[in-house]
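For reference, the structure discussed in these notes is given below.
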Amino acid sequence: MKAKLGMSPIAWWNDDLAELSDDVSLEECLRQSRSAGFTGMEMGRRFPNDPDVMLPILKKADVTLCGGWFSGTLVDGEMADNKDRIQPMIDLFKAVNAPCIVYGEVGRSIQGDRSKPLATKPKLSDDEMKAYAKRLTEFGEWCAEQGMPLSYHHHMAAVVETEPELDAFMHYSGAGIPLLLDAGHLAFAGGDVLRAIDKHHARISHVHVKDVRMGVIDKLDRSKQSFLDAVALGAFTVPGDGSLDFGAIVQRFADHGYEGWFVVEAEQDPKKNPPLKMAEVGHKELMRVMTAAGYTVETQGFPNA
Numbered sequence: 074m075k076a077k078l079g080m081s082p083i084a085w086w087n088d089d090l091a092e093l094s095d096d097v098s099l100e101e102c103l104r105q106s107r108s109a110g111f112t113g114m115e116m117g118r119r120f121p122n123d124p125d126v127m128l129p130i131l132k133k134a135d136v137t138l139c140g141g142w143f144s145g146t147l148v149d150g151e152m153a154d155n156k157d158r159i160q161p162m163i164d165l166f167k168a169v170n171a172p173c174i175v176y177g178e179v180g181r182s183i184q185g186d187r188s189k190p191l192a193t194k195p196k197l198s199d200d201e202m203k204a205y206a207k208r209l210t211e212f213g214e215w216c217a218e219q220g221m222p223l224s225y226h227h228h229m230a231a232v233v234e235t236e237p238e239l240d241a242f243m244h245y246s247g248a249g250i251p252l253l254l255d256a257g258h259l260a261f262a263g264g265d266v267l268r269a270i271d272k273h274h275a276r277i278s279h280v281h282v283k284d285v286r287m288g289v290i291d292k293l294d295r296s297k298q299s300f301l302d303a304v305a306l307g308a309f310t311v312p313g314d315g316s317l318d319f320g321a322i323v324q325r326f327a328d329h330g331y332e333g334w335f336v337v338e339a340e341q342d343p344k345k346n347p348p349l350k351m352a353e354v355g356h357k358e359l360m361r362v363m364t365a366a367g368y369t370v371e372t373q374g375f376p377n378a
């Protein structure tokens, strides 16, 4: 079985918390992650939107674009508006041969609002979840028809956060909307990561190997503290530095035959947790558990062709 290891630039620059950002260029971010062993990088705010500009940068760094976040609003927003907004991203991702676009729901979400405590997260009724999942399936099918599949990211402080919410979304949605399984977000939400993999493995197309510091999470006052407060306090980290057993998690993916990207996405304070050092810690731990699970980790970055 083959696996690819990627990173998210959120370790270097945080789009929601400017204070958790290092003043490094895109080129330096790519250089550091590649030197740690990663062959892919998800898109961040310092990436160019022109493939003719992006491709030479990726080639020079020997890194491929392995995904990127789209802020969807289909819980309330119009299908046509979301199609219009994602079309340039589809065109770009096709041009640079990215594997998927990560769909993150921001409609009703409080994930980016530091004034909203975790306990005030939006909740959908069963009928709302059914309608929402149907819209996402239709949207996912349309994106795939345009040549770029989506991968749905369940997320803290959003409409699909908890394991029961994920189960309901997966039950009501169809194969047209594949799943991004994020170990850290599910653990933060109190879910069982191994059980979720067992239940939904057939639809998992992308994986975020985000670790958590349960000591930080357990101390949160969810009636007063927000998702961004938790991030600033250090709720997330890289595999090998947190509370999750990635040996068991990666083994469970292997048991179900998952092949593809495992992306380290760990938003932290780069001054307290230097991104290069954390990248090296995460890569070392992932190589250890991937080897134990029988994966062959691909070492080629930018395609030779």
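In this note's numbering, each residue's number is its place in the sequence shown (first place is 1) plus 73. Glycine is no exception: its CB is placed at the ideal position from the N, C-alpha and C atoms.
{"Check": "Return helix, strand or coil for His356, following the three-state DSSP convention.", "Outcome": "helix"}
{"Check": "Since Ile183 is in the alpha helix (DSSP H), which residue starts that stretch and which ends it?", "Outcome": "Counting along the chain, Ile183 falls outside any alpha helix (DSSP H), and DSSP gives it neither H nor E."}
{"Check": "Drop a sphere of 10 angstroms on the beta-carbon of Arg118, count the other beta-carbons inside from all chains shown, and report buried for 16 or more, exposed for fewer.", "Outcome": "exposed"}
{"Check": "Specify, as a first and last residue, the run of the beta strand (DSSP E) that Val336 falls within.", "Outcome": "Gly333 to Val337"}
{"Check": "Hey, how far is the Cα of Leu131 from the Cα of Asp123?", "Outcome": "12 angstroms"}
{"Check": "Given that a residue counts as buried once 16 or more other Cβ atoms are within 10 Å of its Cβ, and exposed if not, what is Asn87?", "Outcome": "buried"}
{"Check": "So is Glu92 buried or exposed if we call it buried at 16+ other beta carbons inside 10 Å?", "Outcome": "exposed"}
{"Check": "Examine the Cβ distances between the segment 186-193 and the segment 291-300 and report whether three or more of them are shorter than 8 angstroms.", "Outcome": "yes"}
{"Check": "Using 7 angstroms as the threshold, is the C-beta distance between Val370 and Phe319 below it?", "Outcome": "no"}
{"Check": "To the nearest angstrom, report how far apart Ala308 and Ile290 are at their CA atoms.", "Outcome": "6 angstroms"}
{"Check": "Find out if the Cβ-Cβ distance for the pair Val285, Gly257 is shorter than 7 angstroms.", "Outcome": "yes"}
{"Check": "Applying the criterion that 16 or more other CB atoms from any shown protein chain within 10 Å of the CB defines a buried residue, is Thr364 buried or exposed?", "Outcome": "exposed"}
{"Check": "Three or more C-beta pairs under 8 angstroms: does that hold for the segment 321-333 against the segment 102-122?", "Outcome": "no"}
{"Check": "Which two residues bound the contiguous alpha helix (DSSP H) that contains Ile270?", "Outcome": "Val266 to His273"}
{"Check": "Which one of Met351, Met202, Val169 and Val179 has the shortest CA to CA distance from Gly220?", "Outcome": "Val169"}
{"Check": "Using 8 angstroms as the Cβ pair cut-off and three pairs as the minimum, do the segment 231-246 and the segment 201-208 touch?", "Outcome": "yes"}
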